[in-house]
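Accompanying notes for the structure given below.
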């Protein structure tokens, strides 16, 4: 069983494609934060996108996950087939904080907010006799303040991440026209 913290559903979609090509996976668990559009679809068969809700697991703040269309297309819109292959769970910010705290206290492992959703969903939905893996999506130091306040401990920042975080953000202003983008690419 593979459990993936899911926002835009890219990673779980790739894993499902892998299964369809022969990867030996029994089923999938999509772990969601308050942006639970696909979770509700799995329960009801109705897909109702909405504006995203800001959470502490911000990479999962997606109100209309574009990759879900790939899953839907792969199974020709068959809700029964999709919901038999994938289940879901959804967690509030407070539940995510509590999971980070409990995992740290019990296992001395520091989860980031996204991984906390995956870890908890796997704990909640893994059946007896099943073997499960959850995806941890980012280093907890990327969410240092949130994680430290949840676990009441300091999170060490790895040297490479610290160097990256000191880097200068760079951007190039550009119109939405493809011709301008192509011109930029071809200019150097």
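Numbering (this note's numbering), first residue to last: 949 to 1136. Even for Gly, the Cβ is constructed at its ideal location relative to N, Cα and C. Quick caveat, the model's predicted, so the values are computed rather than measured.
Span of the alpha helix (DSSP H) around residue i
i: residue 941; result: Here the chain covers residues 949 to 1136 and nothing more, so residue 941 does not appear.
i: residue 985; result: 985-992
i: residue 1016; result: 1016-1022
i: residue 1095; result: 1092-1099
i: residue 1134; result: 1126-1134
i: residue 1111; result: 1107-1113
Contact check, residue i vs residue j, beta carbons under 7 Å
i: residue 1134; j: residue 1098; result: no
i: residue 982; j: residue 961; result: no
i: residue 1031; j: residue 971; result: no
i: residue 965; j: residue 986; result: no
i: residue 1086; j: residue 1044; result: no
i: residue 1022; j: residue 975; result: no
Nonlocal neighbours in the same chain, by C-beta distance under 6 Å from residue i, ignoring five residues either side
i: residue 955; result: 1007, 1008, 1010
i: residue 1060; result: 1086, 1088, 1091
i: residue 1020; result: none
Contacting residues, own chain, Cβ-Cβ under 7 Å from residue i (five flanking each side not counted)
i: residue 1080; result: 949, 951, 1070, 1074
i: residue 1057; result: 1051
i: residue 967; result: 973
i: residue 1014; result: 956
i: residue 1124; result: none
Contact set for residue i: own chain, Cβ-Cβ below 8 Å, skip 5 residues either direction
i: residue 994; result: 988
i: residue 1092; result: 1103, 1105
i: residue 1076; result: none
Continuous beta strand (DSSP E) stretch holding residue i: start and end
i: residue 1005; result: Here residue 1005 belongs to no beta strand (DSSP E), and DSSP marks it neither H nor E.
i: residue 979; result: 976-980
Check: residue i C-beta below 6 Å from any heavy atom of the ligand FMN
i: residue 1012; result: In the structure on display, the ligand FMN does not appear, and there are no ligands present to speak of.
### Query
Which residue spans inside the stretch 1028-1078 form an unbroken alpha helix (DSSP H) run of at least 4?
The DSSP assignment places 1041-1055, 1061-1073 as complete runs of the alpha helix (DSSP H) inside the stretch 1028-1078, in order along the chain (cut-off: 4 residues).
### Task
Would you check if the stretch 972-980 and the stretch 1035-1053 touch, i.e. whether three or more CB-CB distances between them fall below 8 Å?
Judged by Cβ distances under 8 Å, the stretch 1035-1053 makes contact with the stretch 972-980, as three or more pairs qualify.
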